[in-house]
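Notes follow once the structure below has been shown.
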Amino acid sequence: MIPGSFDYHRPGSVQEAVGLLAQYGDDGRALAGGHSLIPMMKLRLATPGHLVDLAGIADLKGIRADGSDIVIGAMTTQHELIGSDLLAQKVPLLRETSRLIADPQVRYVGTLGGNVANGDPGNDMPAVMMCLGATYQVAGKGGERRIPARQFYHGAYFTALEPGEVLTAVRIPAPAAGHGFAYEKLKRKVGDYATAAAAVVLIMNGGRVATCSIGLTNVAETPLWAEEAAKILNGSALDAATVKQAVAAAEAICTPASDRRGTPEYRTKMAGVMLTRALARAKSRAA
Ligand SMILES: Cc1cc2nc3c(=O)[nH]c(=O)nc-3n(C[C@H](O)[C@H](O)[C@H](O)COP(=O)(O)OP(=O)(O)OC[C@H]3O[C@@H](n4cnc5c(N)ncnc54)[C@H](O)[C@@H]3O)c2cc1C
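Just so we're aligned: 133 in the working numbering is position 89 of the sequence shown, and the numbers increase by one with no gaps anywhere.
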């Protein structure tokens, strides 16, 4: 349980971090809160020779409004997401999700950037970001680019991030005022990753669904955006028969692994149960 030896670097700017990561190539790794990376290093599942700690880069911190978008610096901690008045007002789904991640000790240091860049299907924020239509801002040697969360996840621990790139911020189009939202997560105990979880954001108009978006956590190699399921719900009053049809469509794209949390069949069904609950709660919250 002791990591291999490595050199530690603490750059003061994004440019410096990008330069270091480019210099060390496959042997370098960005370090954020360390609450996914350090356990992997202790198990020798990751053996970087150089850790580039992003903690000294002030530009990577903070939560701000930019027009109708909310921009969250990659090094913003999960604890800071919970405490943000701006997020509570504009994107309350993030507060709800953060409170279901691990425990306070992890959330004090675990960052949003680390959670979404990690590529672990068990992380909660990626499906939420897909649900919200977020975009990831990334800096590399070649300059800056933006990657939609819905195109970022290619496989377990395999993302659109190129070697040497640093995720600098997450940009979220704030859902319209009065939107309904919910994140429902089944876990075996406090601090556990999801057996299955579902994120919902919807807007109701005259008792019917005007728009709906759904994300699913830990029921495939990547987080899932359940586009078909949401389409089925559009225009409906979220009646039981339509919800059942949408849940079946969501379950149809689930391909969870068998692990200590359950069989693929069980976890798929639990994704459906979480989605049913999330839809009901989102509806009850929608203006
Ligand atoms: C006991 C325990 C329980 C947990 N339970 C949950 C849970 O229920 N749900 C959940 O979602 N998470 C859970 N986690 C994980 C936790 O949320 C981590 O903090 C998070 O996954 C990674 O964030 P980090 O800041 O610690 O990143 P790190 O561990 O430092 O980095 C993770 C990976 O992302 C890369 N990275 C980090 N930041 C950047 C960046 N800005 N640009 C490019 N690459 C970057 C690193 O190189 C590394 O590969 C748990 C962790 C522990 C220890």
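We put the CB at the ideal spot given by N, CA and C, even for glycine.
Excluding sequence positions up to five before and after Asp70, its CB lies within less than 8 Å of the CB of Pro207, all in the same chain and listed in chain order.
At least one heavy atom of ligand 1 is found less than 7 Å from the C-beta of Ile145. For ligand 1, no non-hydrogen atom lies closer than 7 Å to the CB of Met85. The C-beta separation of Ala322 from Glu209 comes to about 32 Å, leaving the pair out of contact by the 8 Å criterion. Classified as buried, Thr212 has 16 or more neighbouring CB atoms from the shown chains inside 10 Å of its CB. The C-alpha of Ser302 is placed about 10 Å away from the C-alpha of Val263.
DSSP lists no bridge partner for Ala330. Distance from the CA of Arg139 to the CA of Thr121, rounded to the nearest whole angstrom, comes to 12 Å. Under a 10 Å Cβ-count criterion, Asn159 is classified as buried, with 16 or more other Cβ atoms of the shown protein chains found around its own Cβ. At least one heavy atom of ligand 1 sits closer than 7 Å to the Cβ of Arg73. The beta carbon of Ala161 sits closer than 7 Å to at least one heavy atom of ligand 1.
Contact check for Cys298 against Val245 fails: the beta carbons are separated by 8 Å or more. According to DSSP, residue pairing for Phe50 in a beta bridge does not occur. When distances are taken from the beta-carbon of Tyr237 to the heavy atoms of ligand 1, the shortest one is below 7 Å.
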